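**Q** Numbering of the sequence shown is given in the working numbering, commencing with residue 3 and proceeding in unit increments.
Glycine included, C-beta positions come from ideal geometry on N, C-alpha and C.
These numbers come from a predicted model, not from an experiment.
Sharing a structure below in structure tokens format, with a few things to ask.
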Amino acid sequence: MLRIYNTLAREKQDFQPIEPGKVRMYVCGMTTYDYCHIGHARMMMAFDVVQRWLRASGFQVTYVRNITDIEDKIIKRASERGISISALTEEFIDAMHEDTRALGIELPDVEPRATAYVPQMLDLIDKLQAKDLAYQSESGDVNFAVRRYPPYGRLSGKTLDQLRAGERVAVDAMKQDPLDFVLWKHARKDEPADAGFASRWGTGRPGWHIECSAMGEAVLGKTFDIHGGGADLQFPHHENEIAQSEGANGVPLANYWLHNGFLNVNDEKMSKSLGNFLTIREVLKRADAEVIRFFLLRVQYRSPFNYSEQLMEESGVALARLYTALREVAPDEKPIDWDEPYASRFREAMDDDFNTPIAVAILFELATQVHRNKSASDARQLKHLAGVLGLLQRDPVEFAQKLDHSDAIDRVAIDHAVEARAKAKSAKNYAEADRIRASLLDQGIILEDSASGTTWRKQ
Ligand SMILES: [Zn+2]
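And the structure:
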């Protein structure tokens, strides 16, 4: 049984889709005015793994990831460059597709663009106004009235007062409450003509939040199974999506809310001013695309992720070790049997809120087995299970030629194994603890236990 951490419930829950065997999932996608950075890669990778695992588990998945192709930053950038809004967004949509293809991130089933759903956005705003949840201010903007929507703050787990105090919202005299947010933004005088759409509130453009509410409903219906996005979108973006959709429709927007954790670079928040801002294409110049993919999958999607060159290098070493096993022994051709012990533990890990680091640890155990027993059936399991994560599908000889890491060691994998052994010991599972020690010794790693914990050294 798949269990998912639901931000809305603040706990892991059994996953029950609305329609048996089918999953409808919406993930907030890119605002296309610049190249995607490595934080975007993490987000898209997180939900790529979610959709892959759902499909591997037998669900028929409709995966939607939208494209925001009208928004303030887009208008500003297009004006700066003296090009049309669509020329700018087409350029960066193409770039995003190139980047994700390189990283093995599969395309969503539907990729709606906001500019194609403006009528649906206007309908939704109409509904909100009819329910007295929206008002047009003197400035011409149409805003959502948070005070007239009592459940506001449910996703954040906070009251209006707590949100006002905690989130430094800009005070705007035109709003009835500082937390009110814009649904329809009237066109400003200096803006290009292609930024405006006609509406009964005057020419303008949708607010960012209403874009997702309208696209989600248009493609997946009023209630769907999973809504995902980065942790930074939980407030206000997702809170506002809930207020709009549930305020208008009176039914839940999504049953499970998933948020992937932040990404830091060298233990610091990534920012242009700190000089540690990395686009996906810059990272692709420094490392093999599959190594980047593998690196991102070694951390559970909800945990914070730290990017550093050293950790990336170690991931290259680790991935090479998996490929080495497949070079030593060619996999046999049988299909995967999920009752086999490694496959069933892999499934257990993935069913536990997509726990990729544990799933990857099982790949390493299999690699050790292949090395030890030269078993074609273990090699087949290794290749198949890795394939579920989008890994190990290249020719192992070619991979080895590309990345030569013969002397290096993989600290992350060793630390994981040491941790797993400590857990096994505290659970009095001494057979498992001994097995992990023996498997590390096979790799030339010696463990030393002391009162303060376990350390390791190379033989
Ligand atoms: Zn969204």
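How should residue 317 be labelled, buried or exposed, when 16 other C-beta atoms within 10 angstroms of its C-beta is the threshold for buried?
**A** Position 315 of the sequence shown, counted from the first residue, corresponds to residue 317. With 16 or more other Cβ atoms within 10 Å, it is buried.
**Q** Let me check you understand the geometry: is the CB of residue 239 closer than 7 angstroms to at least one non-hydrogen atom of ligand 1?
**A** In the sequence shown, residue 239 corresponds to position 237, counting from 1. The answer is yes for residue 239.
**Q** Using 7 angstroms as the cut-off, classify the Cβ of residue 232 as near or not near the heavy atoms of ligand 1, replying yes or no.
**A** By 1-based counting over the sequence shown, the position of residue 232 is 230. No; taking the cut-off as 7 angstroms, the Cβ of residue 232 has no heavy atom of ligand 1 nearer than that.
**Q** Ligand 1 and residue 243: does the residue's C-beta get closer than 7 angstroms to at least one heavy atom of that ligand?
**A** Here residue 243 refers to the residue found at position 241 of the sequence shown. For ligand 1, at least one heavy atom lies less than 7 angstroms from the Cβ of residue 243.
**Q** Is any heavy atom of ligand 1 found at a distance shorter than 7 angstroms from the C-beta of residue 1?
**A** Past the boundaries of the shown model lies residue 1; the chain is included only from 3 to 461, so the question cannot be answered.
**Q** Helix, strand or coil for residue 344? Go by DSSP, reduced to three states.
**A** Position 342 of the sequence shown, counting from 1, holds the residue named residue 344. In the structure shown, residue 344 sits in a helix (DSSP, three-state: H, G or I).
**Q** DSSP has residue 452 in a bridge; who is on the other side?
**A** Walking along the sequence shown from the start, residue 452 turns up at place 450. Its beta-bridge partners are 455.
**Q** Just the residues with CB closer than 5 angstroms to a heavy atom of ligand 1, in chain order, which are they?
**A** Chain-ordered list of matching residues: 30 and 214.
**Q** So what does residue 206 bridge to, in DSSP terms?
**A** If you number the sequence shown from 1, residue 206 lands on position 204. 188 and 199, per the DSSP bridge assignment.
**Q** Going residue by residue through the segment 83–144, where are the continuous beta strand (DSSP E) segments of at least 3 residues, counting only ones entirely within it?
**A** The segment 83–144 contains these whole beta strand (DSSP E) runs: 136–138.
**Q** In the DSSP assignment, what residue or residues form a beta bridge with residue 471?
**A** With the chain represented from 3 up to 461, any question about residue 471 goes unanswered, as that position is not in the structure.
**Q** Roughly how many angstroms lie between the CA atoms of residue 227 and residue 165, to the nearest whole one?
**A** The residue you call residue 227 lines up with position 225 of the sequence shown. The residue you call residue 165 lines up with position 163 of the sequence shown. So the alpha carbons of these two residues sit roughly 27 angstroms apart.
**Q** Count the other CB atoms within 10 Å of the CB of residue 431; is the residue buried (16 or more) or exposed (fewer)?
**A** Taking the sequence shown and counting its residues from 1, one reaches residue 431 at position 429. Label assigned to residue 431: exposed.
**Q** Can you check DSSP and say which residues form a bridge with residue 27?
**A** Within the sequence shown, numbered from 1, the residue matching residue 27 stands at position 25. Beta-bridge pairing links residue 27 to 65 and 228.
**Q** Can you tell me whether residue 72 is helix, strand or coil according to DSSP?
**A** Working through the sequence shown from its first residue, we reach residue 72 at position 70. Coil at residue 72, not helix or strand.
**Q** Residue 164 lies in the alpha helix (DSSP H); which residues open and close that run?
**A** Position 162 of the sequence shown holds residue 164. Counting along the chain, the alpha helix (DSSP H) containing residue 164 begins and ends at 162–168.
**Q** Measure the alpha-carbon distance for residue 79 versus residue 154 and round it to whole angstroms.
**A** The sequence position of residue 79 within the sequence shown is 77, counting from 1. The sequence position of residue 154 within the sequence shown is 152, counting from 1. Whole-angstrom Cα-Cα distance: 33 angstroms.
**Q** Under 8 angstroms Cβ to Cβ from residue 76, same chain only, skipping five residues before and after it: list those, please.
**A** By 1-based counting over the sequence shown, the position of residue 76 is 74. 33, 34, 35, 70, 87, 90 and 91, listed in sequence order.
**Q** Taking 8 angstroms as the cut-off, decide whether the C-beta atoms of residue 64 and residue 112 are in contact.
**A** Translated into the one-based positions of the sequence shown, residue 64 becomes position 62. Translated into the one-based positions of the sequence shown, residue 112 becomes position 110. Contact: yes.
**Q** Can you give me the C-alpha to C-alpha distance between residue 400 and residue 326, rounded to a whole angstrom?
**A** Your numbering for residue 400 matches position 398 in the sequence shown. Your numbering for residue 326 matches position 324 in the sequence shown. Taking the straight line from one Cα to the other gives about 11 angstroms.
**Q** Name the one or two DSSP bridge partners that residue 465 has.
**A** Here the chain comprises residues numbered 3 to 461, so residue 465 is not present and cannot be evaluated.
**Q** Write down every uninterrupted run of the alpha helix (DSSP H) in the segment 333–386 whose length is 4 residues or greater and which is fully enclosed by it, in chain order.
**A** List check, alpha helix (DSSP H) in window: 343–353 and 358–375.
**Q** Could you check how far apart the C-beta atoms of residue 144 and residue 185 are, in whole angstroms? I think they sit under 8 angstroms.
**A** Taking the sequence shown and counting its residues from 1, one reaches residue 144 at position 142. Taking the sequence shown and counting its residues from 1, one reaches residue 185 at position 183. Confirmed, Cβ separation roughly 5 angstroms.
**Q** Which residue wins for smallest C-alpha separation from residue 349, given the options 8, 52 and 25?
**A** Position 347 of the sequence shown, counted from the first residue, corresponds to residue 349. Of the candidates 8, 52 and 25, the one whose C-alpha sits nearest the C-alpha of residue 349 is 52.
**Q** By how many angstroms is the C-alpha of residue 358 removed from the C-alpha of residue 315?
**A** Walking along the sequence shown from the start, residue 315 turns up at place 313. Walking along the sequence shown from the start, residue 358 turns up at place 356. When rounded, the distance between both Cα atoms is 19 angstroms.
**Q** Return the first residue and the last residue of the alpha helix (DSSP H) that residue 296 is part of.
**A** In the sequence shown, the residue the question calls residue 296 occupies position 294. Note, residue 296: alpha helix (DSSP H), 291–299.
**Q** Alpha carbon to alpha carbon, how far is residue 244 from residue 205?
**A** Indexing the sequence shown from 1 puts residue 244 at position 242. Indexing the sequence shown from 1 puts residue 205 at position 203. Computed Cα separation, rounded: 26 angstroms.
**Q** Just to confirm the assignment, what range does the beta strand (DSSP E) spanning residue 8 have?
**A** The residue given as residue 8 occupies position 6 in the sequence shown. Run containing residue 8: 5–8, per the beta strand (DSSP E) assignment.
**Q** Could you check whether residue 444 and residue 396 sit closer than 8 angstroms to each other, using their CB atoms as the reference points?
**A** On the sequence shown, position 394 is the one that residue 396 refers to. On the sequence shown, position 442 is the one that residue 444 refers to. Against a cut-off of 8 angstroms, the Cβ pair of residue 444 and residue 396 comes out as no contact.
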